[in-house]
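Structure first, commentary second.
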Amino acid sequence: MASGGVIKVVANDPDALENIDAWTKKSGDRILRIENEGDTCIIYLKKK
Numbered sequence: 639m640a641s642g643g644v645i646k647v648v649a650n651d652p653d654a655l656e657n658i659d660a661w662t663k664k665s666g667d668r669i670l671r672i673e674n675e676g677d678t679c680i681i682y683l684k685k686k
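If you read the sequence shown in the numbering used here, its first letter stands for residue 639, the second for the next number, and so on.
Below is the structure:
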């Protein structure tokens with residue numbers, strides 16, 4: 639994915655947000671927005 643691109647991650651794993659947060663700290667990518675819909679977490683990331 640090109641720099642500046644946005645990816646939408648849809649997860650139902652309770653640890654998803656914690657795991658993605660750790661990954662973005664290593665990759666330099668940024669979490670733009672988090673939405674919770676019941677047991678589903680939707681995370682928007684911006685590529686470094």
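All residues carry an ideal CB built from backbone N, CA and C; glycine is no exception.
Between D677 and N650, the beta carbon gap of about 5 Å places them in contact (Cβ cut-off 8 Å). Under the DSSP assignment, N657 falls in the alpha helix (DSSP H) whose first and last residues are A654 to S665. Annotated as distal: A654 and K685, with beta-carbon spacing of 9 Å or more. D659 and S665 have their alpha carbons spaced roughly 10 Å apart.
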